[in-house]
Amino acid sequence: MTRKLHLAAAQLGAVNLSDSREDMVARLRELLRQAHARGVRFVVFPELALTTFFPRYWFDNQAETDARFYERSMPSPATMPLFDDARRYGIGFYLGYAELVEEQGQLRRFNTAILVSPQGEIVGKYRKVHLPGHAEHKPQAAFQHLEKKYFEVGDLGFRTWRMQDTIMGMLICNDRRWPEAFRALTLQGAELITLGFNTPTENLHYPEPPALRVHHHLIMAQAMAFMNATWLVETAKCGFEDGFRMFGHSLIVAPSGEIVAKTVSEDDELISFDADLDLAQDLKRTMFNYAAHRRPEHYRILIDRVGAQVTPHNA
Ligand code: CDV
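Going letter by letter, the sequence shown gives residues 72 to 386 in our numbering.
Have a look at this one:
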C-alpha cells in the first residue's frame, strides 16, 4: 500500500506592526479550516508567523521587544485555539515564532519552529541555526536585518521526528541556502522537510533584481529536494509589511525536484498536494543510496573548515 500524506503550505500575506496575536491566530485558523475542507492532513505555516518580521527594525528597549514579539509559552492562551482546531480536524502542523525562554537565570531568544501532531501535542522543536543579517544598527540602510541581534544561534541541532507515518525534519528560512542542513536531516532518514520563510524582495547588502532572488529561491528548493531525495514544503510570509515587501512563491517540491504546487499571490493562500511518501524511498534506494555511494572519508574538510581558504596543491 502506498503511503500518502496530503500536505499544504499555508502562506500568510503581510502582517503589520498593528496586527495582534489574536488577529494572526484568526488568520491561521481560517487557513487550517480551508485545509480541513480540502482533506489536508499536514500544514506548514511560515517563519515568525505570529508577528511582523520585526528584525527589520532597530528597537532600543529589549524588554518592550520581548513583550511585543516573543512567545514565553507555547501554546499560550492566544495560540491555544489553533491547537484545538488542529486536534479537532486531525491535522498536524509546523509553526514558526519568536521564542523567549529563561534558562539558569538567563533570558534566551530563538527563532523557533515546532512540529505539532494531529492530537495537538508538540512533538518537536527546532531553533534556527543559520541567522542572516547583522547585529549592529545600520541607520543608512533602507531597512534592517537584525536576526543576529534578536536571536541566538539555535542550540538543538538538526533533528527528525516520526509523525503521521513519515520522518519529518524542520528548517527555517535562511537554512534553505545551506546544503549541509538538508544533508544532516536526510542522513537521519527525513523524507519530508518543512520550512517557513520571510525573504525581502530587495537585497539589503547589494543590488539584485527581485526576479533573480525568486530564481534562487526556486532552484535551491528544487535542487535540495532532489539531491536529498525528500519532499519539501516551503511557506512564505510575504506582501508589503508596513511598506516593506517580501516575496511569496511558497511551494511544495517532490523528491524528483519537480514543483508540484506553488502560490500565485502575496496574500493568505493555501496550496496543497497529496504526496506519495514512497517516492522519497525509491530515490533513497537508488540514485541517492547514501550507504552505497557516499564517501565520508573525503568529506572531513566539510566540518574542519568554516570559511573558504585558498589552498592550491600546485604550489
Ligand atoms: N528570514 C531570513 O532568513 N531571510 C533571509 C534573507 C535575509 C536573505 C533568507 O535567506 O531568505
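Beta carbons are placed, not taken as given, at the ideal position from N, Cα and C, and that holds for glycine.
Check                                                                                                                                                                           : Outcome
First and last residue of the alpha helix (DSSP H) that includes residue 297?                                                                                                   : 281-298
Which runs of the beta strand (DSSP E) spanning at least 3 residues fall entirely within the segment 105-149, listed in chain order?                                            : 113-115
Could you say which of 242, 299, 75 and 102 lies nearest to residue 354 if we only look at CA atoms?                                                                            : 299
Verify whether the separation of the beta carbon atoms of residue 80 and residue 305 is less than 8 Å.                                                                          : yes
Given a threshold of 16 other Cβ atoms within 10 Å of its Cβ, counted over all protein chains shown, does residue 117 qualify as buried or as exposed?                          : buried
Just to confirm, does residue 301 get its C-beta within under 7 Å of one of the non-hydrogen atoms of ligand 1?                                                                 : no
Quick check on the DSSP output: what are the complete alpha helix (DSSP H) runs of length 4 or more inside the segment 159-213, in order along the chain?                       : none
Work out the CA separation of residue 86 and residue 179 for me, nearest whole Å.                                                                                               : 24 Å
Please give me, in chain order, every unbroken run of the beta strand (DSSP E) with length at least 3 that falls completely inside the segment 295-363.                         : 302-307, 310-312, 315-317, 322-324, 330-333 and 340-347
Who are residue 271's beta bridge partners in DSSP?                                                                                                                             : 317
What whole-angstrom Cβ distance do residue 342 and residue 332 have, given they're in contact under 8 Å?                                                                        : 4 Å
Excluding the 5 residues preceding and the 5 following residue 239 in the sequence, name in chain order all residues of the same chain whose CB lies nearer than 7 Å to its CB. : 186, 231, 232, 261, 263 and 265
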